[in-house]
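Numbering (the working numbering), first residue to last: 1 to 933. Okay, so here's the structure we're looking at.
See the structure below:
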């Protein structure tokens, strides 16, 4: 209703509001009741002053009061509901739920799951088939399911950490709709267009045709994303994206590889801005340690930007052997190199001194990359140190010049001819050459070959069998312009021209900057041979190391993740989910969005569809409030009229006692008082509508929330693994709630908690004697002192002893290996929870002699124990968050401990529901044999 979360059960009754003007006219002409005066003796009549104060019309404020009361009655009759459920009404056709489940839906995933769950529940009540279509899975078969199965399938879904191509799901949807016929479609959209949104909307309208479509949008927070992180010279910046408008602000956090915080940066959006920037003003050493940027409070993979060595701002040492660098600095090779490297690296120029000394200084500083511009002969000591540095991962880039052309040096990737080759001079027939190509397996692969670069002089390489494999860039005549090779973990590269403008105009081109950027990137990826190695014919691939889920949390790679090329720079996909790939020493980051990606709001106005919004609150019927308000206004009206007509004074004067009783009765009727009987009826209906597990509400908020999540997790596990589809667990108060509705009650024991009242103890005692089972969990197995009797000395066990002291508890024993509880559904040896060191106790069964026990291996199945005691914190192991992740860690944390904890819960539930069924199954051969005799 006009953007409000309000609906009416009978909206046609709102037409009654049109009668308010007529009612206003009628009330306006009715005068108030005449004033009553007791007739005095005749002689007193002369002393009464005549008054003409009786109004001929009702006061305007009294008319307004009556009209308001009438309007409230009309509104109440229309059945107003605040935060109405997301129900689709009127149709008996199957329901098809299209669910956006990409990264952009993760931040409000719980709201979308709640909306889908309400749609499934309403369709299940109408006995309608349900088809669940996650738009991230185009290859998934679309089939109709009953409500219970659809609800389980919905809980198994989770948002994907990459952008979803909605268009790819349309062929499967079209085939399903053609086979099904009439259907009602509900699309739970996330409101984000990451590309091809208009194409999807156009084709969706054609696919649906005349079928009913409802689009859910609005009512949920919009998605935020991070892209284009850049480690500039003074600071690191990252772009923050959004789809809606309005003023907004937030914080981006920087985290290192170990998960420790490094810094925070604020960002803010203007009213119409869709993207803004957050900047980290930190020292370069700290910025180089950043491995993850994330938006605080935003749980999605798109709100995370992973950084690897490509984002580190490396320190590059530049050494020149030319003396003109000092005499004419603007024409020097160091000037061009500094300008080209500064956007993505910290350039360290040599102090005044010999090149040998400067190189030794840079080697002492452990720089990852050194550039030598026309440095000729090197001393044996420096050559040896450079070779060792390259073997350990250093990158050496050399530029030719007169000195290098005359030197005999082995710190080059290819053997050089002495002297140089002049092109275009007065003494040569050859013309200046242009660049021809970049090697497909070299680091410059993919760069556009500049056509305006000319080479007038170069240093030639001696031809040999491997020269072609070491050539990374070539001229039109086939001679190499740039050569390189890997040595150990490092790289040696040579530009066969100078770094200034004397031999070529390459330093003035944009390609020069990109070529140096690629070489700088290699300084972070030299641990394994890469492109340009003669022995490697194929591109290097790296396997996934750890990946992000849809909520932006790290986890092991999924089974669908595939290895990717080491130079992969695109956005994440289903085959390559976001995360780190390669080795732990030098991982490669893949992000949900690429640097150039932007997000936009998804405009669904072109669709012929109904609109609905997400709600995050329970529906509330407003009829009671409106009727109570109307009754209060009518009562005020009656009091006002009585006062104006002096009727109230006469009533109090003549019938004081009855009047007081009447007023007290009316006030008592108006005062709100909760009805315990109504509450009990609602509780009973909820409890018996489905089989439900119960837990005792302790009053400790932390414990109660964990236990509730644990019982919900066990209920979901039961639905996935067994035929039992139980309802949501119910928290109970043993002193007031009826316990007979529940087959199993889980009671977490809090150390030092006061003993329950005797009435609650008596109700628990009666419940256990009438066939119910109570699981007491002290949750303190890890706190038990060492020794045989250590488990009985914990504070939780002492509190449990106080509770059981007033109960008629049977003799207990640890669960025997042959007990039916160990084989009710799964075959188990013990019953671990969050801890695995505690024992589980049940009612001790009558002992039999050894011969009979040998013939009856399941002797513990003749009845169900009314009490089960454990200290392993079962609910803590069952507790899961709304995103499906465990809430608490395990101790000692064995690989399958949580799985066995869930299996223990299944056995306990099935034990309480089936009783001695399993024991009878074990005895079946003996019974059949006995009947045959």
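Yeah, the Cβ is synthetic: ideal placement off N, Cα and C, and Gly gets one too. Being a predicted model, the structure only gives us computed values, none of them experimental.
Option nearest residue i by Cα separation, candidates the options
| i | options | result |
| --- | --- | --- |
| residue 306 | 512, 477, 130 and 256 | 256 |
| residue 145 | 154, 593 and 163 | 154 |
| residue 686 | 270, 730 and 630 | 730 |
| residue 62 | 115, 633 and 432 | 633 |
| residue 710 | 568, 901 and 613 | 901 |
| residue 358 | 341, 339 and 385 | 385 |
| residue 262 | 245, 728, 246 and 283 | 283 |
| residue 844 | 818, 835 and 834 | 818 |
| residue 717 | 811, 151 and 119 | 151 |
| residue 300 | 495, 488 and 593 | 593 |
Per-residue DSSP class, three states only, for residue i
| i | result |
| --- | --- |
| residue 311 | helix |
| residue 243 | coil |
| residue 614 | coil |
| residue 176 | helix |
| residue 744 | strand |
| residue 495 | strand |
| residue 711 | helix |
| residue 877 | helix |
| residue 568 | coil |
| residue 341 | helix |
| residue 813 | strand |
| residue 684 | helix |
| residue 436 | strand |
| residue 634 | helix |
| residue 695 | strand |
| residue 231 | strand |
Beta-carbon proximity of residue i to residue j, cut-off 8 Å
| i | j | result |
| --- | --- | --- |
| residue 450 | residue 193 | no |
| residue 721 | residue 871 | no |
| residue 265 | residue 279 | yes |
| residue 294 | residue 253 | yes |
| residue 518 | residue 444 | yes |
| residue 461 | residue 416 | yes |
| residue 129 | residue 94 | yes |
| residue 751 | residue 734 | no |
| residue 166 | residue 132 | no |
| residue 523 | residue 314 | yes |
| residue 885 | residue 561 | no |
| residue 499 | residue 336 | yes |
| residue 875 | residue 746 | yes |
| residue 704 | residue 715 | no |
| residue 406 | residue 476 | no |
| residue 815 | residue 774 | no |
| residue 272 | residue 245 | yes |
| residue 227 | residue 597 | yes |
| residue 446 | residue 159 | no |
Residue i, buried or exposed, once every other Cβ within 10 Å from all chains shown has been counted against 16
| i | result |
| --- | --- |
| residue 19 | exposed |
| residue 643 | exposed |
| residue 466 | exposed |
| residue 374 | buried |
| residue 639 | exposed |
| residue 239 | buried |
| residue 758 | exposed |
| residue 15 | exposed |
| residue 448 | exposed |
| residue 763 | buried |
| residue 674 | Bear in mind that the predicted position of residue 674 carries a pLDDT of just 46, short of 50, making it too unreliable to give a figure here. |
| residue 157 | buried |
| residue 486 | buried |
| residue 878 | buried |
| residue 726 | buried |
| residue 587 | buried |
CB contact below 8 Å: residue i versus chain C
| i | result |
| --- | --- |
| residue 388 | Among the protein chains of the structure shown there is no chain C, as only one such chain exists. |
Could you tell me whether the region 463–481 touches the region 397–412, using the rule of 3 or more Cβ pairs below 8 Å? no
Mind the definition here: the region 219–229 touches the region 104–117 only if three or more C-beta pairs lie below 8 Å; say whether that holds. yes
Give a yes or no on contact between the region 572–581 and the region 158–173, applying the rule of three or more CB pairs nearer than 8 Å. Enough Cβ pairs lie closer than 8 Å, so yes.
Using a Cβ distance threshold of 8 Å, determine whether the region 176–194 contacts the region 207–216, with at least three qualifying pairs required. Judged by Cβ distances under 8 Å, the region 176–194 makes contact with the region 207–216, as three or more pairs qualify.
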